[in-house]
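Written out below as structure tokens is the structure these notes cover.
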Amino acid sequence: MIRQPKLINSLSPYIPGKPIESVAREYGLDPKEIAKLASNENPMGTPQKVKDALHEAIDRVYIYPDGGAYYLREKMGEKFGIGPDWIFFGNGAAEIIEMAAKALLDVGETAMYSQYDFAMYKVATYASNHRGVEIPAPGFHLDLDAFLRAIDHTTKIIYISNPTNPTTTMITADKLDHFVEQVPDHILIVIDEAYFEFVDNKDYPNSMKYILEQGRKNVIILRTFSKIYGLAGLRVGYGFAHPDLLFMLGKVRSPFNINLLAQVACTAAMDCDDHVKASVEHVKKEKAYVLRELDRIGISYLAEEGNFIAVNVERDVVPVFTEMQRRGVIVRPLHGYSMPTWFRMSFGHHFENEKFIRVLEEVL
Ligand SMILES: Cc1ncc(COP(=O)(O)O)c(C=O)c1O
Numbered sequence: 315m316i317r318q319p320k321l322i323n324s325l326s327p328y329i330p331g332k333p334i335e336s337v338a339r340e341y342g343l344d345p346k347e348i349a350k351l352a353s354n355e356n357p358m359g360t361p362q363k364v365k366d367a368l369h370e371a372i373d374r375v376y377i378y379p380d381g382g383a384y385y386l387r388e389k390m391g392e393k394f395g396i397g398p399d400w401i402f403f404g405n406g407a408a409e410i411i412e413m414a415a416k417a418l419l420d421v422g423e424t425a426m427y428s429q430y431d432f433a434m435y436k437v438a439t440y441a442s443n444h445r446g447v448e449i450p451a452p453g454f455h456l457d458l459d460a461f462l463r464a465i466d467h468t469t470k471i472i473y474i475s476n477p478t479n480p481t482t483t484m485i486t487a488d489k490l491d492h493f494v495e496q497v498p499d500h501i502l503i504v505i506d507e508a509y510f511e512f513v514d515n516k517d518y519p520n521s522m523k524y525i526l527e528q529g530r531k532n533v534i535i536l537r538t539f540s541k542i543y544g545l546a547g548l549r550v551g552y553g554f555a556h557p558d559l560l561f562m563l564g565k566v567r568s569p570f571n572i573n574l575l576a577q578v579a580c581t582a583a584m585d586c587d588d589h590v591k592a593s594v595e596h597v598k599k600e601k602a603y604v605l606r607e608l609d610r611i612g613i614s615y616l617a618e619e620g621n622f623i624a625v626n627v628e629r630d631v632v633p634v635f636t637e638m639q640r641r642g643v644i645v646r647p648l649h650g651y652s653m654p655t656w657f658r659m660s661f662g663h664h665f666e667n668e669k670f671i672r673v674l675e676e677v678l
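Here the sequence shown stands for residues 315 to 678, numbered as in this note's numbering.
This is the structure:
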């Protein structure tokens with residue numbers, strides 16, 4: 315029998331939100347009737363310009379993509395005011411999280427992340443056969459002072475999502491500025507801003523300044539095309555960082571990790587500001603509706619920032635989640651995050667959010 319390394323063996327695989335098709339099959343439901351609110355996707359879908367560009371590109375998929383994603387890199391450089399060689403791509407931001415662990419953790423070194431924070435940080439660390447250090451998060455807020463106190467000679471990577479998935483909490487600019495200053499420069503800080511576009515808060519950090527103004531080589535800022543651009547199915551995430559750091563990550567990148575259609579789609583998405591704006595407005599409006607309804611029903615939640623909220627049903631969430639699924643609403647139970655009475659949901663079309671409220675009331 316093959317023996318797996320102990321750390322990898324102890325890992326539970328990441329469980330994504332259930333696909334509509336499998337819920338439809340399992341419960342004999344019409345897929346069109348199912349509201350999937352489990353994966354923080356964009357109900358506005360994919361911008362038309364992107365779909366047109368994809369149609370045009372389909373005849374070219376017999377050739378390999380450009381491994382360096384030249385056009386996409388140039389376009390993003392212009393858009394975000396950053397040199398093209400300061401941009402790094404992953405098959406989803408999730409792949410960059412993994413590449414950081416693979417590329418940087420040496421024997422005996424560890425990565426640090428917060429209790430309740432995005433599950434991929436632990437998965438990436440353990441999957442590269444390294445130990446992770448989880449820092450308690452009292453009241454669901456990341457405790458950056460506790461991170462600083464926990465740093466020791468083994469610490470090599472610190473993963474932080476801001477706003478934090480699934481708890482919605484936000485680290486303010488003053489706290490993050492202080493933290494980044496205190497962390498020694500041989501430790502990589504991964505600032506994961508997957509939900510950056512949905513944040514509407516003047517205290518949100520301008521993390522680009524850590525790399526562009528302060529020239530730090532130990533910070534990478536992660537973002538994604540999965541959420542705001544409605545391209546989750548194409549799997550493209552990106553990181554901004556100093557080229558010296560990206561050179562190191564590039565050593566463990568597989569040559570064509572961003573496929574040809576994904577490159578075309580993301581390049582076209584750079585011209586879709588109207589879609590971004592409409593998506594942000596939709597989430598704002600629907601979030602307000604759902605929160606009003608949850609207040610009316612008397613259910614507590616976390617809803618600081620982002621296109622998702624965490625809801626506390628104050629009982630075992632698994633039967634609640636299962637019953638909601640049977641009625642055609644898919645949310646994400648958070649028992650795997652040590653939040654056994656909570657689920658996370660994002661916002662669908664208004665009729666889906668109405669259905670969510672109706673089903674939740676029926677089930678509770
Ligand atoms: C905080 C956070 N980071 C990264 C990701 C991964 O995004 P991607 O689809 O780009 O892999 C997610 C996805 O849910 C997320 O919530």
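Heads up, the beta-carbon is just placed ideally off N, CA and C, and yes, glycines get one too.
- Between L545 and C586, the gap from beta carbon to beta carbon reaches 8 Å or more.
- The Cβ neighbour count for D431, taken over all protein chains shown within 10 Å, is at least 16; the residue is labelled buried.
- Shown here for A433: same chain residues with a beta carbon closer than 6 Å to its own, the five before and five after excluded, namely Y328 in chain order.
- Residue state for T439 is assigned as helix, using DSSP reduced to three classes.
- Taking non-hydrogen atoms of ligand 1 into account, the C-beta of N571 is found less than 7 Å away from none of them.
- Rounded to whole angstroms, the separation of the alpha carbons of D366 and F493 is 44 Å.
- Taking 7 Å as the cut-off, one finds no heavy atom of ligand 1 near enough to the beta carbon of S428.
- Proximity of the beta carbon of G406 to ligand 1 is indicated: a heavy atom of the ligand is located closer than 7 Å.
- If you draw a straight line from the Cα of N356 to the Cα of H664, it comes to about 13 Å.
- In its chain, beyond the 5 residues on either side, A617, N621, I623, F661 have a beta carbon closer than 8 Å to the beta carbon of K601.
- Relative to ligand 1, G553 has its C-beta separated by 7 Å or more from all heavy atoms.
- Per DSSP, the beta bridge partners of R658 are A624, R646.
- Where V550 is concerned, there is no enclosing alpha helix (DSSP H), because DSSP gives it neither an H nor an E.
- Taking a C-beta distance under 8 Å as the contact criterion, S442 and K416 qualify as a contact pair.
- Residue range 384-394 is occupied by the alpha helix (DSSP H) that includes F394.
- Around the beta carbon of G397, a 10 Å sphere encloses fewer than 16 other beta carbons of the protein chains shown; the residue is thus reported as exposed.
- The beta carbons of N667 and Y615 sit no closer together than 8 Å.
- Between the segment 514-531 and the segment 637-656 there are fewer than three inter-stretch CB-CB distances shorter than 8 Å, so the stretches are not counted as touching.
- CA-to-CA, the gap between S336 and A508 works out to about 26 Å.
- Contact annotation: A352 and R629 have beta-carbon atoms that are not nearer than 8 Å.
- With a 10 Å radius around the Cβ and a threshold of 16 neighbouring Cβ atoms, I316 comes out exposed.
- Counting only runs of 3 or more residues that sit fully inside the segment 456-505, the beta strand (DSSP E) segments are 469-475, in chain order.
- Within 7 Å of the C-beta of A508 there is at least one heavy atom belonging to ligand 1.
- Between the C-alpha atoms of V504 and F402 there is a straight-line separation of about 13 Å.
- Of the heavy atoms belonging to ligand 1, at least one sits nearer than 7 Å to the Cβ of T538.
- Under the three-state reduction of DSSP output, V533 falls in the strand class.
- When secondary structure is reduced to three states using DSSP, F403 falls in the strand class.
- Taken from the Cβ of N354, at least one heavy atom of ligand 1 lies inside 7 Å.
- Contact annotation: A383 and Q639 have beta-carbon atoms that are not nearer than 8 Å.
- Nearest to Y552 by alpha-carbon distance, out of P633, K436, A407, is A407.
- Taking C-beta separations shorter than 6 Å and ignoring five residues to either side along the sequence, the partners of L559 in its chain run K531, following chain order.
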